[in-house]
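Chains as they are written, first to last, in this note's numbering: chain X, 1083 to 1214; chain Y, 1083 to 1214.
Heads up, the beta-carbon is just placed ideally off N, CA and C, and yes, glycines get one too.
Working notes, structure below.
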DNA sequence: ACACTTGTTTAGAATCATTATAAACAGGAT
DNA sequence: ATCCTGTTTATAATGATTCTAAACAAGTGT
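In structure tokens:
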């Protein structure tokens, strides 16, 4: 079962709650953006039972650390996550405060010419802010 | 006096406190990154007298709206601002939680091929995360 | 110079996302 | 089944940001 692998890989035991979180995050083909609150709501809707915020934060952060989720760099009062962990970027519509995926092919290769001593590049993320 | 213009342009009256904030933000040739707390400290050091946080937030946000300051899109518990409002990008060193400027010429032109109906691009920002 | 209106500053309270706590509970190895 | 250790939970603590409302200052008109 792939959820169990994801959890074990993230250093987490496969508990009932965590499997339910996985179900919400990873069962659909379509990827999506979410905040912790969005996720809490989705879980409440899907199963008929709430999972405490502490558990949700905990699990999401473990997945993020292992690369099963990505944080989207944006200044907002809430942290946004993405279930799409492939290399890609985002539009951010300032008026609606909505994120839109931007495929890598829509941006073209980004070649960072400068090097920082002793550091390697973990990710390159482009945020395109939109206004009316 | 250019500070007065910046303030008036941002819809703010040039008060003593706001001029002092301007002095800290815009008097040096060298640009810098800061959080609201950093700024509060800098002000305390520069003048011998504190300015209330409400005033600092207020002024910084007005400047940001007018483009005299830029928010740096990054997920952190604090919001980062940049006095460098030219087109440029950032490295973010995950270990030290430090930002480093990345000149446009070190990234090369970024051409966003996809268009969103009725929206125009306000900014394109690249964040390069660094690890050891 | 004075008074008046309206914008500003301030300290402190309120809010809200996130993190910490510690007690009850559950996995899973033996 | 037992035991050890990790997990869940409700709730409290934290900390950045925003709100509030009272004291104050700018700028205008007299």
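Nearest candidate by alpha-carbon position, reference residue i, set the options
i	options	result
residue 1177 of chain X	Y:1202, Y:1119, Y:1112	Y:1202
residue 1210 of chain X	X:1089, X:1160, X:1183	X:1183
residue 1190 of chain X	X:1087, X:1199, X:1171	X:1171
residue 1109 of chain X	X:1122, X:1119, X:1128, X:1120	X:1128
residue 1166 of chain Y	Y:1114, Y:1106, Y:1085	Y:1114
residue 1188 of chain X	Y:1151, Y:1181, Y:1196, Y:1192	Y:1196
residue 1126 of chain X	X:1103, X:1214, X:1141	X:1103
residue 1204 of chain Y	Y:1148, Y:1087, Y:1141	Y:1148
residue 1199 of chain X	Y:1084, Y:1214, Y:1192	Y:1214
residue 1089 of chain X	X:1142, X:1154, X:1124	X:1142
residue 1120 of chain Y	Y:1086, Y:1192, Y:1160	Y:1160
Interface flag, residue i vs chain Y, CB-CB below 8 Å
i	result
residue 1196 of chain X	yes
residue 1184 of chain X	yes
residue 1209 of chain X	yes
residue 1189 of chain X	yes
residue 1176 of chain X	yes
residue 1179 of chain X	no
residue 1113 of chain X	no
residue 1212 of chain X	yes
residue 1199 of chain X	no
residue 1161 of chain X	yes
residue 1086 of chain X	no
Cutoff 6 Å; reference residue i; Cβ partners in own chain excluding five residues on either side
i	result
residue 1212 of chain X	1173, 1175
residue 1116 of chain X	1163
residue 1144 of chain Y	1092, 1094
residue 1086 of chain Y	1096
residue 1107 of chain Y	1165
residue 1101 of chain Y	1085
Status (buried if at least 16 other CB within 10 Å, exposed otherwise) for residue i
i	result
residue 1095 of chain Y	exposed
residue 1111 of chain Y	exposed
residue 1151 of chain Y	buried
residue 1164 of chain Y	buried
residue 1207 of chain X	buried
Proximal residues to residue i (C-beta, below 7 Å), its chain only, five neighbours per side dropped
i	result
residue 1169 of chain X	1186
residue 1099 of chain X	1133, 1137
residue 1156 of chain Y	1162, 1174, 1209
residue 1139 of chain Y	1118
residue 1122 of chain Y	1135, 1138
Test: residue i CB closer than 8 Å to a CB of chain X
i	result
residue 1202 of chain Y	yes
residue 1153 of chain Y	yes
residue 1173 of chain Y	yes
residue 1205 of chain Y	yes
residue 1138 of chain Y	no
residue 1119 of chain Y	no
residue 1193 of chain Y	yes
residue 1141 of chain Y	no
residue 1166 of chain Y	no
residue 1091 of chain Y	no
residue 1103 of chain Y	no
residue 1157 of chain Y	yes
Beta bridge counterpart(s) of residue i as assigned by DSSP
i	result
residue 1184 of chain Y	Y:1171
residue 1213 of chain Y	X:1202
residue 1152 of chain X	X:1164
residue 1208 of chain Y	X:1208
residue 1115 of chain X	X:1164
Same chain, Cβ closer than 8 Å to residue i, five either side skipped, listed in chain order
i	result
residue 1194 of chain Y	1203, 1206
residue 1180 of chain X	1174
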